[in-house]
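Novice:
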Amino acid sequence: MQGQVTDIEIQTNEIKKTKLKLNEIYSKHTGKKLSEISSIMERDKYFSADEAIKFGFIDKVVKGRK
């Protein structure tokens, strides 16, 4: 990011709004509280396939062809 302070503030606010909207979507579809989703998404988080299923991010794992 670069530019005037106000431009950076505008970009920051847009990022925050987008992050909140995504967290609301995750909360709705996983059944987890918004506060729990927000806490998990605060930093990079990597899930194994099994963890993603248990958390509710995915329904199933599709196995590749042999």
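The end of the sequence shown is residue 362 by this note's numbering, with every number in the run present. Glycine included, every Cβ here is placed at the ideal spot set by N, Cα and C. Every value quoted in this text rests on a predicted model; they were computed, and no experiment measured them.
Using a Cβ-Cβ cutoff of less than 7 Å, which residues in the same chain neighbour residue 353 once the five nearest sequence positions on both sides are dropped?
Specialist: Result list for residue 353: 326, 343, in chain order.
Novice: How many Å lie between residue 359 and residue 345 at the Cα?
Specialist: Those two C-alpha atoms are separated by around 11 Å.
Novice: Can you find the residues in the same chain that come closer than 8 Å, C-beta to C-beta, to residue 309, ignoring five residues on each side of it along the sequence?
Specialist: Contacts found: none.
Novice: Helix, strand or coil for residue 358, going by three-state DSSP, please let me know.
Specialist: Residue state, collapsed to three classes: coil.
Novice: For residue 335 and residue 313, what's the separation of their Cα atoms in angstroms?
Specialist: Cα to Cα, the separation comes out at about 16 Å.
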